[in-house]
Amino acid sequence: MLNTIEKSIEIKASRARVWQALTDHRQFGAWFGVDIEAPFTVGEVSNGKITIEGFTHVPWNSTIKAMEEPAYFAYTWHPYAVDPKVDYTDEPETLVEFWLEETEGQTSVRVRETGFDNLPSHRVAEALRANTNGWGFQLENIKKYAEN
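Per the numbering used here, the sequence shown starts with residue 8, numbered consecutively.
And the structure:
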């Protein structure tokens, strides 16, 4: 079974601009579709609410693991935790990592999510499917956001 999702995109913006879009909680929320309550702080839990239609019942809870400006950002979360009848708090979380590299005024963004094999077996396939599709969508969102 796969344990990793990895995707990348080229953005016509400086690494500083993409870093800001990725790590400022308000800007992250604007392109990701989440209303986050407070700035990201390493070691702290980030709370909020998803604002994407069809998912507004889903809370945003992630733990910020690293913010190494301007190249690396990481957090953990419960992947595809969307069923309001399920309490996911005791499930293992996956690790989401972003790497930024700038070349000639363009920034390559790579995202990798790992740890799916630690999830309850009945959740693995669905979480992988949903987040594989989701990361493709979200990379397009940050591209549009940072390029404007």
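C-beta atoms are modelled at their ideal positions from N, C-alpha and C, and glycine is treated no differently.
Beta-carbon within less than 6 Å of P91's beta-carbon, same chain only, minus the 5 sequence neighbours each way: which residues are those? H64
One or two residues paired with F39 in a DSSP bridge: Its beta-bridge partners do not exist; DSSP assigns none.
Boundaries of the beta strand (DSSP E) in which F157 is found, first to last residue: Examination of residue 157 is not possible in this model, given that the chain is present from 8 through 155 alone.
Close-in-space but distant-in-sequence residues of the same chain around W88 (CB under 6 Å, 5 per side omitted): The displayed chain sequence assigns Ala, not Trp, to residue 88. Taken in chain order, the residues that qualify are Y95.
Secondary structure at L9, three-state DSSP: helix, strand or coil? coil
Please report the residue range of the beta strand (DSSP E) in which T30 lies. No beta strand (DSSP E) holds T30; the alpha helix (DSSP H) holding it covers R22 to T30.
CA-to-CA distance, V25 to V131, given in whole angstroms: 30 Å
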